[in-house]
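Chains as they are written, first to last, in the working numbering: chain Y, 1 to 168; chain B, 1 to 449.
From the three backbone atoms N, C-alpha and C, an ideal C-beta is built for every residue, glycine too.
Below: the structure, in structure tokens.
Next up, the structure:
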């Protein structure tokens, strides 16, 4: 297993769109394992392949407090959405920024698991929000795209400045 | 995605004990160190915690017990001077903190922060600096500290020295496997009620619910779940289609050679798993008496049998001194599942590592021989008695049976034909982890007619 580098906004590769996974081979499974390790190490609750510079359409999450309930979704697809709520979100690719985002409260998701079995999940609350957040990544979108122009510009400037300072 | 809410929620809990799972776990661990059984404590107190906190509390309690000898040795390296006796709860909390850092996938910083918070919830804010300092040092120097324990056999095996020695002596070839298996989390095993459906049919039903299970060759009732489940998620649990029972324990009923019309005694029946299995295996018995010395534990036999919609004659009584209604007529079959050191089921009851003492073993052996002698008088000529324990120690098993055969001329040993486990001078032993089973010892005795 290996830790992967998490791309940071405004890295343009976060705008790539993921391509569906054809076959779940050893390389894909390795990526999944590495993503779990990376996510746990970074104390995240979800991570999309795009964030570690892979264009495979897959994501991992674990929202349990004990960090013992890993879930991997390959080629996830939201079949239906219901309800609406606005909860604060944060992102491993946009460190230090927490802003409320409007999301569906209930979703029905179809995906493949790590072993290629087809699964359907009804999610609500935090897991539902997390899956929507990660699927956005797979479509090249970030949670700050849901914010007002003013807010997202301010955040971009702030992170660009931090990146420059880190480079100096 | 990152969830900052988790942290906010835990801060919102404030410092009230009942809402801090780590503080609750520390109190429980402290009680086990004081000599109480973990399962008793959990049965009594776990309900007071919020349902969302219970899995973490159980994980911490069982985890600390499982690794207690190692964590304890580690704590001695970390502490400059021992904690005062009245600070047992803080000591337990630090052990729980060490367990999180070494064995759980909690992010390190969260484990430290939450454990420090728990010191406040225990009403001991003075300990914040101590807990924080010790855990951060463990975080930094984990490799060096563990290295210093490398040649400490108690820390390495996570077993108390006396027990490690006894296991090594009894099992010179297998002791390392035994230790390793005893430190694992046990699987959840089911006994399918074959009166209702066959095992493969039930396994298919589980699979439809997304529960993966596998069978064990030669044990027609057993299914081993890939992951433990809440029993209420199991199809047909409430109406008795299935019970939770280790596969090793499911060997017993098959060895008894049950026939219609027999009178059968389950002499130390609680909590009733084997009684249920006997009745499922042969519903046309003339009588099954489920005897136990403890009236409250006998209640659990009743509940278990009610769920299975089976009935036995429940009797409270002392197997070492037969008297009363159940002791009037001889039995064709007796299952004698004796009180023992439970050294074969440490993976299920890791608190045994703390609670059992070396001097318990001769005391248990004496009790076992007393019960065996007394119960033998209730066996009909030509009848069979199955002697079993969940111990790994010869004093409670083959030596016990050998001595009995010497002093009881009308007793003879019958061979156990199953190939599973290890043949001993008398009887057979399954070691923990073998075919996923708990450690069990069985010997089959017959009374000459």
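A contact between stretches requires three or more CB pairs, one per stretch, nearer than 8 Å, and the segment 114–122 of chain B fails this requirement with the segment 146–165 of chain B.
Within 10 angstroms of the beta-carbon of residue 148 of chain Y lie fewer than 16 other beta-carbons, which makes it exposed. Closest in alpha carbon position to residue 79 of chain Y, among Y/135, Y/50, Y/97, is Y/135. The Cβ atoms of residue 111 of chain B and residue 101 of chain B sit closer than 8 Å to each other. Annotation: the continuous beta strand (DSSP E) that includes residue 190 of chain B extends over 188–192. Rounded to the nearest whole angstrom, the C-alpha separation of residue 205 of chain B and residue 234 of chain B is 9 Å. Distance from residue 444 of chain B to residue 386 of chain B at the Cβ level is roughly 6 Å; contact confirmed, criterion being Cβ atoms closer than 8 Å. Residues of the same chain with a CB within less than 6 Å of the CB of residue 313 of chain B, apart from the 5 flanking positions on each side, are 289 in chain order. For the segment 48–79 of chain Y, residues whose beta-carbon sits nearer than 8 Å to a beta-carbon of chain B comprise 61, 63, 65, 66, 67, 68.
Residue pairing from DSSP places residue 290 of chain B in a beta bridge opposite B/266, B/314. For residue 87 of chain Y and residue 103 of chain Y, the gap between their C-alpha atoms comes out near 8 Å.
In this structure, the beta-carbon distance from residue 343 of chain B to residue 135 of chain B does not fall below 8 Å. In this structure, the CA atom of residue 323 of chain B is about 17 Å from the CA atom of residue 336 of chain B. When secondary structure is reduced to three states using DSSP, residue 321 of chain B falls in the coil class, being assigned neither helix nor strand. Shown here, residue 46 of chain Y sits in a strand according to DSSP, grouped into three states. In the three-state reduction of the DSSP assignment, residue 243 of chain B falls in the strand class, which pools E and B. In this structure residue 117 of chain Y is exposed. Its beta-carbon is surrounded by fewer than 16 other beta-carbon atoms within 10 angstroms.
Restricting attention to B/85, B/188, B/407, the CA atom closest to the CA of residue 231 of chain B is found in B/188. Contact holds between the segment 159–166 of chain Y and the segment 2–20 of chain Y, because three or more Cβ pairs, one in each stretch, are under 8 Å apart. Looking at the DSSP output, residue 391 of chain B sits in no beta bridge, so it has no partner there. Between residue 45 of chain Y and residue 65 of chain B, the CB-CB gap reaches or exceeds 8 Å.
Within the same chain, Cβ atoms closer than 7 Å to the Cβ of residue 89 of chain B are found at 26, 27, 30, 122, the five residues on either side in sequence being excluded.
Look at residue 110 of chain B: its C-beta is under 8 Å from a C-beta on chain Y. Per DSSP, residue 94 of chain Y is not a residue of any alpha helix (DSSP H); the beta strand (DSSP E) it occupies stretches across 94–103. For residue 132 of chain B, the uninterrupted alpha helix (DSSP H) segment begins and ends at 128–148. Taking 7 Å as the cut-off between beta carbons, the residues of the segment 45–63 of chain B near chain Y are 55, 56, 59, in sequence order. Using a Cβ-Cβ cut-off of 8 Å, residue 4 of chain B is close to 88, 90, 98 of chain Y, given in chain order. Rounded to the nearest whole angstrom, the C-alpha separation of residue 73 of chain B and residue 155 of chain B is 6 Å.
Looking at the backbone, the Cα of residue 57 of chain Y and that of residue 101 of chain Y are separated by about 23 Å. Between the alpha carbons of residue 226 of chain B and residue 212 of chain B lies a distance of about 6 Å.
The criterion of a C-beta distance shorter than 8 Å is not satisfied by residue 60 of chain Y and residue 76 of chain Y.
For residue 437 of chain B, there are no neighbours in chain Y by C-beta distance under 9 Å, as the nearest C-beta there is about 25 Å away.
Residue 259 of chain B and residue 280 of chain B do not touch by the CB rule: their CB atoms are close to 15 Å apart, not below 8 Å.
With 16 or more other Cβ atoms from the protein chains shown falling within 10 Å of its own Cβ, residue 127 of chain Y counts as buried. The segment 238–246 of chain B makes no contact with the segment 419–431 of chain B; the number of CB pairs closer than 8 Å stays below 3.
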